[in-house]
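Protein chains in written order, with this note's numbering: chain H, 1 to 368; chain R, 1 to 465. Every residue, glycine too, gets a C-beta built ideally from N, C-alpha and C. Here the structure comes first, spelled out in structure tokens, and everything after it is commentary.
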């Protein structure tokens, strides 16, 4: 009980100190795009990163941290605490649905995810809908919706097909979806997706599902990513040519996906951006890091693994201007690790979201 | 039936002779030599293997710099700084050499329906369910991840699931056929009274097995006494035959004179002690009660664990191992004092899961270890492929407070010790079986790659191959 009280109190504690500017000094600052700045100061002002440099800032409180600073991780699917609010059951198509309504900032399960260094999540529609609506980007630690109508979610896998409700076949699915895109009026979510203003996230699992999704995206000029695609390694050239990214579904339980490991290595080699989901509801708060670590044990570079959980994830979700890297003007979503951020043996010392200290391992010392 | 290496092979010479005698009289196809050689690594035409690394982790927390290792006929035959590769030897170099990872709680290599079965009992054997062909892909993945050995069990739906084995991932071959007896007190959805009832049933089964063992021991002792007595009588009869005959003749004569019939003394042979009725289940469980094999009990919740610790106190020789134990922190002191290890499965479930607030999640291993409990880390026998993530689970435990050496112990020397294989595997020493890994860095680091896996002296995986 004591522990949960401390966690609940954490954002309040942070809030008092957040108005004034401060700086964190660490031996390693992982920018998120692959760069690492040694012995650097990260200056934070008004919840935003003001600068990253080797020179000590003047007139700012400096917090020396023992370890590595990295951007908070970004999960490109997390429905924790959404209940079933993220999926409309009776209608296959609700393209204008705003998924930020499904966000429950008071859900106690978020704290576990934040404690593992995840500060930003994308809350998409369920994969049983064809056009389930517009995903929201939220900050679970701050309890805020960061961006509404950020990504258009499309369900193009078998799980979007009904047994007695239309569509019951892929032919029917694409006919229906094609009509919707063609008929989309100016300013509607699907029209924005068609114009490339809003990225899409298309769930497709098997090879043929992915191929069809790539064709559909090309035909309608869609940008964004395929969600799923565990066997993306078989379609590397096609995916590369499409300009789309891939979001792998994390699998921590009962085991990391070996297909995803192979595909992540292949995409990394071909320089196709990819990211992961966390799915903490079913995989636990560590699922995303476990899947990334499984890829690393098979040869994925630590820098590529970090990019997948930060900069590339932000790019795929269209929020790279504000999130995913530690650079001037980006949100101060920072995690202090005891070692390299992608290493499972590293511990989370503290987590900042929007410049607020939202989690500190010290406050959790109760067990030890 | 196939015969696998088991504990009986390494018990007293007398037992060994008896085992051999049975095997021979039963006309078993195996020769005595091959039976004795069962647990030896296959030396079949394996050329020498030479390994070199900047760091050799001999045992958790103890390492030597810049060492060469010579492997011959499945064993480590030499180690040294100045050791050079013999001519013709295959050479593999890396940054670190360490003992292969051992998953102390797994179903990899075991037929999936046997693993989930509820139709098993204390006498069922995991070696009867090995499935090297149906699971070859999973086993290959294990070789690539460095998990070269597993303690497997069957019957995850049964309350007591019989004799588990330690097997090599390479071909699912047994290293020890009778590694442990396993039981579980974790049936979901039961009310508290039934949950306690489960513990009581286990306790009475243990009690029954103990009585069976006591009766068997009493029988063996009585039989011995009887055999000695008979032998003595026979000697007497042979030696004093004439005297005895004279005495009897006299007795008969006197009897006739008195008109009485002479009662012959009943021959002692009729009073041969009888053994207790054979019961395979009790006999099997008795081995755990007597401490010959460890007893692994899967228990997660506080109620069951508290009852279990209470009812097992009289079984002082039993070597209990707790598997799961998400609430084990509540009993850490007793577990430490009684020397009961816990196989922790850093489960993905978050606090607030089915065990509730008491589930410390990934921090369990570190906190138990800090309280003096020996921690092993296992994949939890939920799926065969889960064993592949064993080094990740150990790393995650480090990331949540477990000491790095303790985490390494938890997947190498720890399981080897608990399942009585420390004289064969789990560390890197001359004379031990060559079940080793050649790595590009520290064993648990996420950026480390397994460059080569050596199982019983055989190179079973090499990176890039």
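Proximal chain H residues relative to residue 449(R), where beta-carbon distance stays under 7 Å: 297, 299
Cβ contact check for the segment 96–109 of chain R and the segment 130–148 of chain R: 3 or more pairs under 8 Å: yes
Buried/exposed call for residue 362(H), threshold 16 Cβ in 10 Å: exposed
Three-state secondary structure (DSSP) of residue 174(H): helix
Beta bridge counterpart(s) of residue 183(R) as assigned by DSSP: 160(R), 297(R)
Which listed residue (342(H), 197(H), 337(H)) has its alpha carbon closest to that of residue 300(H): 342(H)
Chain H contact for residue 453(R) (CB, 8 Å cutoff): no
CB of residue 298(R) within 8 Å of CB of residue 336(R), strictly: no
Beta carbon of residue 458(R) nearer than 8 Å to that of residue 170(R): yes
Backbone secondary structure at residue 341(R) - three-state DSSP: coil
Test: residue 392(R) CB closer than 8 Å to a CB of chain H: yes
Cβ pair count under 8 Å reaching 3, the segment 445–456 of chain R against the segment 143–154 of chain R: yes
Close beta carbons around residue 52(R), own chain, < 6 Å, minus the five adjacent residues each side: 68, 93
9 Å Cβ cut-off: residues of chain R touching residue 347(H): 398, 399, 400, 401
Nearest to residue 216(R) (by Cα), restricted to the options 290(R), 253(R), 49(R): 290(R)
Chain H contact for residue 507(R) (CB, 8 Å cutoff): Since the displayed chain R opens at 1 and closes at 465, residue 507(R) lies outside it and no answer follows.
Stretch pair the segment 117–134 of chain H + the segment 55–64 of chain H: three plus CB contacts closer than 8 Å: no
Exposure label - residue 330(R); buried when at least 16 CB within 10 Å: exposed
Residue 79(H) at chain R interface by Cβ criterion, 8 Å: no
Closest residue to residue 124(R) among 175(R), 75(R), 282(R), 231(R) (Cα-Cα distance): 282(R)
Contact check, residue 326(H) vs residue 48(H), beta carbons under 8 Å: no
Rounded straight-line distance, which links the Cα of residue 151(R) to that of residue 285(R): 18 Å
Where residue 28(H) falls: helix, strand or coil (DSSP): strand
Residue 65(R) burial status per 10 Å Cβ neighbour count (16 or more: buried): exposed
Alpha-carbon spacing of residue 56(H) relative to residue 196(H), whole angstroms: 42 Å
Near-chain H residues of the segment 205–230 of chain R - C-beta to any C-beta below 9 Å: none
Own chain, CB closer than 7 Å to residue 234(H), minus 5 neighbours either side, in chain order: 207
Sub-8 Å separation of residue 201(H) and residue 124(H) beta-carbons: yes
Identity of the residues DSSP links to residue 98(H) by a beta bridge: 134(H)
Contact set between the segment 326–356 of chain H and chain R, restricted to residues whose Cβ is under 7 Å from the partner: 342, 343, 344, 345, 346, 347
Closest by C-alpha distance to residue 122(H), when choosing among 102(H), 111(H), 115(H): 102(H)
Residue-level contact to chain H via CB, residue 444(R), 8 Å cutoff: yes
Cut-off 8 Å between Cβ atoms - residues of its own chain near residue 6(R), not counting five sequence neighbours on either side: 176, 177, 178
Buried or exposed (CB count within 10 angstroms, at least 16 for buried), residue 164(R): buried
Whole-number beta carbon distance between residue 155(H) and residue 369(H), since they are thought to touch under 8 Å: One cannot answer for residue 369(H) here, as it falls past the ends of chain H, which runs 1 to 368.
Within 8 Å, strictly: CB atoms of residue 70(H) and residue 112(H): no
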